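Q: Below is the structure I would like to discuss, written out as structure tokens.
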Amino acid sequence: MLLAIILAMGAATILQKAYIPKFGLDLAGGTTVTLSPETLDNKAPPEESLDRAVNIIRDRVNGTGISDAQVAKSGSNILIQIPGAGQEQAEKLVTTAELRFRQVLAIGPAQDTPAPLPSDAPSGSPAATPAATPAVSADPSPSGSPAGRSLAKALTQPSPSGSAQPEPSASASPGAEPSPLPTDRGTTPPADDPLAGQDLSGIDPATLQQFKDLKCSATNFGQGVQDDPNKQYAACDTSGQIKYILDKAAVKGTELAGASAGTDPTTGEWIVQVDFKSAGATQFADITRRITTLPQPRNQLATVLDGAVIVAPTINEAIPGGRARISGGFTQVTASELADQLKYGALPLKFKTSSVVTVSSTLGADQLRGGLISGAIGLVIVMLYLLLYYRGLGLVGIASLAVASIVTYLSVTVLSENAGFRLSLPHIIGLVVSIGITADSFIVFFERMRDEMKEGRRSLRTAVEVAWRRARRTILVADAVMFIAAVVLFFLAVGDVAGFAFAMGLTTVIDVVVVFLFTKPLMSLVARTKFFSKGHKLSGLDAERMARPESSSQSFQEA
Amino acid sequence: MPGVIGRLYRGDINIDFVGKRKIWYGLSAFLLIVSIAGLIINQGLNLGVEFRGGSVFDFARTPTSTVETVRATVGDAGVHQIIVQEAGTANWRVTTESLSTAEVTKVQKAISTEFGVAENQVSSQVIGATWGGEVSEKAVYGLIVFMIAIMAYLTFAFEWQMALAAIVALLHDLVITAGVYAWSGFEVTPATMLGFLTILGYSLYDAVVVFDMIKEVTGKLGTSAKMTYTQAANNALSHTLIRSLNTSLVAILPVAAILFIGTTLLGAGTLKDLSLALFVGMLVGTYSSICVATPILVSLKEREPQWQALARRVAQREASEAKQATAKSPAKAKKEPVGAAKDKPKK
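So the sequence lines, in the order shown, correspond to chains R and H.
Here the first sequence is numbered in our numbering, starting from 1 and rising by one per residue.
Here the second sequence is numbered in our numbering, starting from 1 and rising by one per residue.
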């Protein structure tokens, strides 16, 4: 049975070619960032916001192309582990993504979306701006998916005049403007190019290439790229249906003073109110004034968050005064969501960086070596001690320890390969410390056996059985205590403690398995050999050791 | 095999641990007072950077670097509170105030140019001031839940007196370990907390094995007048003594190995901090499972009418036996007077 378990795990290890477990960052080198949510009342944040934050950060991390990065919840904290990364690199990922306002330079449908291109786009009708019109009409669903909505929205001044209906009508007229320069004509791609007919002047070729390569169908729709505010940038919108080429950031999110959802007092429509700080207000006034007269789509101002366009409304007029509002097809839920995004970045919670730990690859290797050496020394000393004290019996103990070590090693590799387990220093320490506890199970058993033998009326074979029945309960009760400790710590503690507790729990289970399925059967087996049953001097069960000068206090042993 | 070692080797030993419990209570009370005094006088524990908040840099020692040059280099990078330590045989460890990412990079660059260590080989940690608080808060919370769970389990598996005795022994271990840290000034880091928490499991584990034996032995006492609960418990203790010592030794050996490697090879760090706490805690834990947990249990149990009655019967029998044959069993007559229920754990 135990053999079957070992074989199964061994086979899994060999088949998956995972002989060496994967290491945590404290051993392999890399950066671990712990983010703690900041809540007003210091209470634990709701689980679902935390999950959402984890997903968003994961998207962001994956979007940067760092492989093997892990984002996980640990208690109410979020743990981000980036192998090989330095502190600077890690910090970038972790900082709440900045919100940026960028002018739209060009726009096109995401080629890889299943949504069919509208028929009028290939026709190249000069009457319409190729991008804007398809984007609106390409989304026939009345549900108002973000793609459709974003174009239907407008940033308007909160003055009464702002209620003037923006969008689609506006997009048609400037489209007729023959703005494209001859030079651009030359570079204009074939008709099915989403940028056909658009003014590409002033667009950096690198960004153009980026735009072409951009795939919006990925689950994170290209989200997660850290956009440099001083460069042009190609981005998808959050629905993954439209992509944009955006100019340098005109206003950064740090200039945002606040955002709130509310209803328009006259129409009752849900809107998002945005307030800028003084510098931001000036910047915002400048950019709106400059682009409001430009042709579609260059009169759109995209709001970019976490590298994706969340909204790109047409600017109908210059908006001075540092206060703007976004309207168009919001419900209470979507308006609040957008306001939150604007306030906190995409994360549903505010986080502070609790700790950033970068372990260099050499220090990691040192720690691994230290852990392994001490493990080996510990194991050898314990084995030597067992051998010295228990002689022949010690061999049984050593064999059991060896089996326990093999099972532990295999469990670690199998878990590492299939369950994303990463062996870290706390795990190694936990495993080394557990050597003692595993060995104790044998000691309890052996001592019981010797007690039985001392009474002298039993043969070794019966002594083994009787002692086992008694030792079994002790071992189970004691291991249960350890296991409770491990489980409580694993679920309640943070950081390293949880890893340590996991190792302890794992070895406790392995201990029980090995004692029941290996030590006991092996003991029963060797009890039949002459060496042990005749009490050979080296067996650890010799007559001299079993002899007791006084036996008065032993009487209670009898059942 | 003569002498104490031989007796230990054969498992032939019978020390009156429980009867002499006043001595142990006195010793424990003394240790507890010293520990608590240490905590008060030294104003708590020497908390590591993880609890205070700050930044730590680790990098390989080069032939040209000295404590002074390292301090100067880091200082030139605009850092103020600098502590330079040798970490193990091959590393420097520099502790500073909490730095921003830009400052961290600056320090790494400065170290890199000054000592020729590749920038990505300079390990760094930045810990917010509140992080350690959260770690300890969670640990204390875990501790309380753990104690309740263990009380419940031991009450269910054994009896409430055993649960209580085990928990008292456990608190005893924790306070004394904390006292050792307070007096010695060893740094307390999250790894140390980890060690503390493990001690809990360990100290209980040991007590549970002893209690299991006591339960078995006293269960057979019944109405016979052979021996009192105290004597039986002491017998059980003597019986498991070899196991306790063996187990403790076997458990401490790997920890000592970690401590040794952690101190010599790596210097400051998780390995050292954790194994030190374990090492101290296990020593205290072994003592308490023998000399504190069981005596407390006995003190609690001897108050029960059932065992008091038994103690009286045994006393009567022994008195009459002593009259009949004074020479025959001097060992038994010498036993501590039973029914010493008035002894309460002195805390």
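Beta carbons: idealized from backbone N, C-alpha and C, even for Gly.
Just so we're clear, the structure is a prediction, and the values are computed from it rather than from any experiment.
1) What in chain R is Cβ-close to residue 242/H, meaning under 7 angstroms?
2) Comparing C-alpha positions only, which one of 260/R, 7/R, 492/R sits nearest to residue 339/R?
3) Applying the 10 Å Cβ sphere with the 16-neighbour rule, what's the burial state of residue 22/H?
4) Among 253/H, 189/H, 230/H, 74/H, which residue has its Cα nearest to the Cα of residue 47/H?
5) Within the chosen definition, does the stretch 517-532 of chain R reach the stretch 159-170 of chain H through at least 3 CB pairs nearer than 8 angstroms?
6) I want to verify the contact list: residues of chain R whose CB lies under 8 angstroms from the CB of residue 153/H, in sequence order.
7) Skipping 5 residues on each side, what residues in its chain have a beta carbon closer than 8 angstroms to that of residue 255/H?
8) Output yes or no for whether 7 angstroms exceeds the beta carbon distance between residue 315/R and residue 292/R.
9) Could you name the residues of the same chain whose beta carbon sits closer than 7 angstroms to that of residue 486/R, not counting the 5 residues immediately before and after it, in chain order?
10) Is the number of C-beta pairs between the stretch 357-373 of chain R and the stretch 227-243 of chain H that are closer than 8 angstroms three or more?
11) From residue 257/R to residue 78/H, what does the alpha carbon distance come to, in whole angstroms?
12) Which first and last residues belong to the alpha helix (DSSP H) in which residue 73/R is found?
13) Determine, using beta-carbon pairs with one atom in the stretch 464-472 of chain R and one in the stretch 191-198 of chain H, whether at least three such pairs fall under 8 angstroms.
14) Hey, out of 444/R, 295/R, 247/R, 463/R, whose CA is closest to residue 231/R's CA?
15) What separation, rounded to the nearest whole angstrom, lies between the Cα atoms of residue 325/R and residue 37/R?
16) Who are the Cβ neighbours of residue 277/R in its own chain at under 7 angstroms, not counting the five residues just before and after it?
17) Which of the residues in the stretch 350-380 of chain R, read from start to end, lie with their CB under 8 angstroms from any CB of chain A?
18) For residue 210/H, decide whether its Cβ has a neighbour in chain R, counting only Cβ atoms nearer than 7 angstroms.
19) Report yes if the C-beta of residue 321/R is less than 6 angstroms from at least one heavy atom of the ligand MG; otherwise report no.
20) Along chain R, in chain order, which residues have C-beta atoms closer than 7 angstroms to that of residue 58/H?
21) In whole angstroms, give me the CA-to-CA distance for residue 8/R and residue 419/R.
22) In or out: residue 427/R buried (at least 16 other Cβ within 10 Å) or exposed?
23) To test your reading of the DSSP string, which unbroken alpha helix (DSSP H) runs of 4 or more residues are found completely within the stretch 176-245 of chain H?
24) Chain R partners of residue 200/H, CB-CB under 8 angstroms?
25) Whose C-alpha, out of 70/R, 27/R, 4/R, 110/R, is nearest the C-alpha of residue 34/R?
26) Since residue 525/R meets chain H, which of its residues come closer than 8 angstroms, beta carbon to beta carbon?
27) Extract the residue ranges of the alpha helix (DSSP H) inside the stretch 124-157 of chain H, only unbroken runs of 4 or more that lie entirely within it.
28) Go through its chain and collect everything with a Cβ distance to residue 449/R's Cβ below 7 angstroms, but skip five positions before and after it.
29) For the candidate residues 239/R, 244/R, 280/R, whose alpha-carbon lies nearest to that of residue 104/R?
30) Rounded to the nearest angstrom, what separates residue 96/H and residue 27/R at their Cα positions?
31) Look at the alpha carbon of residue 49/H and the alpha carbon of residue 116/H, and state the distance between them as a whole number of angstroms.
32) Going by DSSP, what residues sit across from residue 86/H in a beta bridge?
33) Does the CB of residue 141/H have a neighbour CB from chain R at under 7 angstroms?
34) Measure the alpha-carbon distance for residue 56/H versus residue 217/H and round it to whole angstroms.
35) Does the stretch 407-416 of chain R come within contact of the stretch 178-185 of chain H, defined as at least 3 CB pairs closer than 8 angstroms?
36) What does residue 247/H touch in chain R if you count any residue whose Cβ is under 9 angstroms from its own?
A: This is what the structure gives:
1) Below the 7 angstroms Cβ cutoff, chain R contributes 447 as neighbours of residue 242/H, in chain order.
2) The candidate whose alpha carbon is nearest that of residue 339/R is 260/R.
3) A residue is called buried once 16 or more other Cβ atoms fall within 10 Å of its Cβ, and residue 22/H, having fewer, is exposed.
4) Per the Cα distances, 189/H.
5) The stretch 517-532 of chain R is not in contact with the stretch 159-170 of chain H.
6) Ordered by position in chain R, the residues that pass the 8 angstroms Cβ test against residue 153/H are 480, 481, 484.
7) Excluding residues within five positions, the ones whose Cβ falls inside 8 angstroms are 275, 278, 279, 282.
8) Yes, the pair counts as a contact, with Cβ atoms nearer than the cut-off.
9) Taken in chain order, the residues that qualify are 501, 504, 505, 508.
10) Below 8 angstroms, too few C-beta pairs join the stretch 357-373 of chain R and the stretch 227-243 of chain H to call them touching: fewer than three.
11) About 32 angstroms.
12) Segment 70-74 is the beta strand (DSSP E) holding residue 73/R; no alpha helix (DSSP H) there.
13) Output reads no: the stretch 191-198 of chain H does not touch the stretch 464-472 of chain R.
14) The option with the nearest alpha carbon to residue 231/R is 247/R.
15) Approximately 29 angstroms, taken between the alpha carbons.
16) Cβ neighbours of residue 277/R within its own chain (closer than 7 angstroms, five residues either side excluded): 255, 257.
17) You won't find chain A in this structure, because its protein chains are R and H.
18) Output row for residue 210/H: interface = no.
19) Ligands are entirely absent from the displayed structure, and the ligand MG is therefore not among its contents.
20) Under the 7 angstroms cutoff, chain R gives 363.
21) Rounded to whole angstroms, residue 8/R to residue 419/R spans 16 angstroms at the Cα level.
22) When all chains shown are included, residue 427/R counts as buried.
23) The stretch 176-245 of chain H contains these whole alpha helix (DSSP H) runs: 190-219.
24) Ordered by position in chain R, the residues that pass the 8 angstroms Cβ test against residue 200/H are 485.
25) Here the closest residue by C-alpha is 70/R.
26) Here the premise fails: no neighbours, minimum Cβ distance about 24 angstroms.
27) Listed in chain order, the alpha helix (DSSP H) elements of length 4 or more contained wholly in the stretch 124-157 of chain H are 131-157.
28) Cβ neighbours of residue 449/R within its own chain (closer than 7 angstroms, five residues either side excluded): 463, 464, 467.
29) Each of 239/R, 244/R, 280/R was checked against the Cα of residue 104/R, and the nearest Cα belongs to 244/R.
30) Note on geometry: alpha-carbon atoms of residue 96/H and residue 27/R lie some 23 angstroms from one another.
31) For residue 49/H and residue 116/H, the gap between their C-alpha atoms comes out near 27 angstroms.
32) Here residue 86/H is bridged, per DSSP, to 92/H.
33) Look at residue 141/H: its C-beta is under 7 angstroms from a C-beta on chain R.
34) Going by the C-alpha atoms only, they are around 55 angstroms apart.
35) The stretch 407-416 of chain R makes no contact with the stretch 178-185 of chain H: fewer than 3 CB pairs, one atom from each, lie closer than 8 angstroms.
36) Per Cβ cutoff of 9 angstroms: 436, 437, 439, 440, 443, 444.
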